[in-house]
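Just below is one structure, and these are the notes that go with it.
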Amino acid sequence: MLSENPSITSGQNGTFSQNAHHHHETTPSSPSSDKQPVETHPPDPSTLESDPSNNASPDPKETRHILRLIDLRLLPILAALYSFALIDRTNLANARVAGANSDLGLDVGERYSIVTMMFFIPYILFELPSNILLRKVGPAVWLSGLATLFGVVSLCCGFVGDWTELLGCRVVLGALEAGFYPGCVYLLSCWYVRYEIQKRFSVFYMVATLASGLANVLAYGLSQMEGTAGIRGWRWIFIIEGLITVALGLVSVFIIVPFPDKATKKGLFGRKPFLSVRQASIVLARLEKDRGDAVSDEMTMRNILRCICDWKVLEWAWLYLIAATVSYSFSLFLPIILQNDLGYSTVRAQVLSFPPYAVAAPWMLITAWIGDRYRKRGHLIIFNNAVALIGLAMIGFATSSPRARYAGTFLGVAAGNSNVPTILTYMHNNIVGNTKRAVASAVLVGASGISGIIAANIFRQQDAPGYKPALITVIVMNASSILLVSKNFWLYRKLNRKADRGDILIEGQQGFRLTL
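The opening position of the sequence shown corresponds to residue 1 in our numbering, with each subsequent residue numbered one higher.
Structural data, given as structure tokens:
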């Protein structure tokens, strides 16, 4: 999996130099302590590496080994589950072109857009409550339970009789999926330091992006089961993909790990702890040095409201909404555009939906490596927005060349999807505290729910087959993202200079600096 330089170089909390900057390496100093770690809980992270009796000072090889353990237990299962969450959310487009359109009456008026949109209303409403419950219930039970249940609902979509029943299933699906993605983002952010997290977010999201592309090919294969057991092909898409999700959800309860401060406790059914006391001590020490929030703070209503009202969180939510609008626009409507606008058959539309996502995967990994290596976030967001703008313009205005329009989908899908983990990292690099991490994750992913509503409503039936108003809307949104991040370059530098002079404390932490 992903190995790292285990040294911690992020100047943030009070143990760091007051003049530490976001791109400077600093050496933390830690107080000494003679306390021994207890058997069932990791010791106080402020004393971990300085106390010889803890024997917790790791060598780089040991730290890399621990990171690999974390990677192997977190990334594959969370990525697989989110892949099928995304497939269950977006397979409506595949079912539509495979026959559900006429069978369920989705071709009447704006029914398809309504069914698509209604998923996102409960999705937005239940994001934050779910992340609060995640901390109380625990990741293994909560995330696996959600996955199993939304798999069952997806399966039920294969047995609906008309479009209103499908609408009801989509509402329930939205409520259940609401907590899964922000929960995964929050859990991942709790285990890694700031400048190694984008690679993890990108691997997590990349697998789901590839799955989105492969879902079109899978859907075509499942639609060929037309008539098997007397069931229409489009119904098999929901049934089989729902069954796979349920199976993954049931298995995941034994794999998903707890939060770092609970890593030495026994798992469900008496399973041995995920980490030894020493290993957990090393993890917590790294987190404490990186940002000073290894120990969970109290999740009070006051802290939650303070986070929601933070202007920086609201700006990141807007950036994330824009990136997610691009992503949803392609995942929900790419097969339809390929078939209805570019004139491809159902088979070719399903198959040709995958190559743009295959290109997005290495694009995402390269972006993540550059971002973590050079500690740059805003530069990459602007670059991806600019590339997405070019791709969207090619799709919308190269009307005389189907090949040029199809080439535009490669740029739009790759750059648009790459910005999703980049913006998540942009946010997590610039906040401190477990409550804020949980709430901000929910706010950002809630914004992506709004983007789903936007995508469902701007791609209107009356604008087919070109969907130019929708494409122009997304182009304008991307341009506004470029302007906002450009503004932040100036503002974040100004705030960092004030912190250098001792005029302000950023995020309430001595030595903390904003990442540009």
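The C-beta atom is built at its ideal place from N, Cα and C for all residues, glycine as well.
If you compare the alpha carbons of Val171, Thr148, Ile431 and Met364 with that of Val413, the shortest gap goes to Met364. Rounded to the nearest whole angstrom, the CA to CA distance from Phe84 to Cys184 is 14 Å. About 5 Å separates the beta carbons of Pro182 and Ser441, which is inside the 8 Å limit, making them a contact pair.
For Gln198, the three-state secondary structure derived from DSSP is helix.
DSSP places Glu177 inside the alpha helix (DSSP H), whose first and last residues are Trp163 to Glu177. Taking the Cβ atoms as the reference, Ala386 lies roughly 7 Å from Ile482, within the contact range of under 8 Å. For Gly508, no alpha helix (DSSP H) run applies, since DSSP gives it neither H nor E.
Going by C-alpha positions, Ser252 is about 37 Å away from Met477. Distance from Ile237 to Leu222 at the Cβ level is roughly 5 Å; contact confirmed, criterion being Cβ atoms closer than 8 Å.
For the pair of segments examined, the segment 278-298 was found not to touch the segment 108-117: the number of CB pairs separated by less than 8 Å stays below three.
Apart from the 5 residues on each side of it in sequence, Leu268 sits with its Cβ closer than 8 Å to the Cβ of Ala140, Val141, Val253 and Phe254 in its chain, given in chain order. Spanning the alpha carbons of Pro362 and Ala415 requires a straight line of approximately 11 Å. Positions of the beta strand (DSSP E) runs, each at least 3 residues long and wholly inside the segment 412-499, cannot be given because no such run exists. As the crow flies, the alpha-carbon of Val160 is around 30 Å from that of Leu128.
Counting the other CB atoms within 10 Å of its CB gives Arg493 a total below 16, which places it among the exposed residues. Between Gln198 and Pro421 a beta carbon distance of about 6 Å is seen, short of the 8 Å cut, so the two are scored as contacting. With distances taken between CA atoms, Ile336 lies nearest to Tyr467 out of Ser448, Ile124, Tyr467 and Asn496. Distances from the CA of Gly449 to each of Thr116, Gln339, His428 and Leu287 were compared; the closest alpha carbon is that of Thr116. Residue burial is scored here from C-beta neighbours: Lys312 has at least 16 other C-beta atoms within 10 angstroms and is therefore classed as buried. In the same chain as Ala280, and ignoring 5 residues on each side of it, the C-beta atoms closer than 7 Å to its own belong to Pro42, Pro260, Ala263 and Thr264, in chain order.
For Thr409, the closest of Leu471, Lys272, Gly446 and Val432 by C-alpha to C-alpha distance is Leu471. By the neighbour-count definition (other C-beta atoms within 10 Å, threshold 16), Met118 is a buried residue. Between the alpha carbons of Ala456 and Ser329 lies a distance of about 8 Å. The three-state secondary structure of Glu288, taken from DSSP, is helix.
For Arg377, no alpha helix (DSSP H) run applies, since DSSP gives it neither H nor E. Excluding its 5 nearest sequence neighbours in each direction, Tyr192 has C-beta neighbours in its own chain below 7 Å: Arg200, listed in chain order. Secondary structure within the segment 235-320: the alpha helix (DSSP H) runs of 4 or more consecutive residues, fully enclosed, are 277-291 and 301-308 (chain order). Cβ neighbours of Ala93 within its own chain (closer than 8 Å, five residues either side excluded): Ser331, Leu332, Phe333, Leu334, Pro335 and Ile336. Ranked by how close their Cα comes to the Cα of Val326, the residues Ser102, Asp59 and Leu411 have Leu411 in first place. Rounded to whole angstroms, Arg375 and Ala229 show a C-alpha spacing of 55 Å.
The residue from Ala479, Gly105, Phe180 and Met299 with its alpha-carbon nearest to that of Ile256 is Phe180.
Under the three-state reduction of DSSP output, Pro58 falls in the coil class, being neither helix nor strand. In terms of Cβ geometry, Ile458 and Ala323 do not form a close pair [threshold 8 Å].
Each of Asp500, Glu226 and Ile77 was checked against the Cα of Val207, and the nearest Cα belongs to Ile77. DSSP places Glu127 within a helical segment (H, G or I) once states are collapsed to three.
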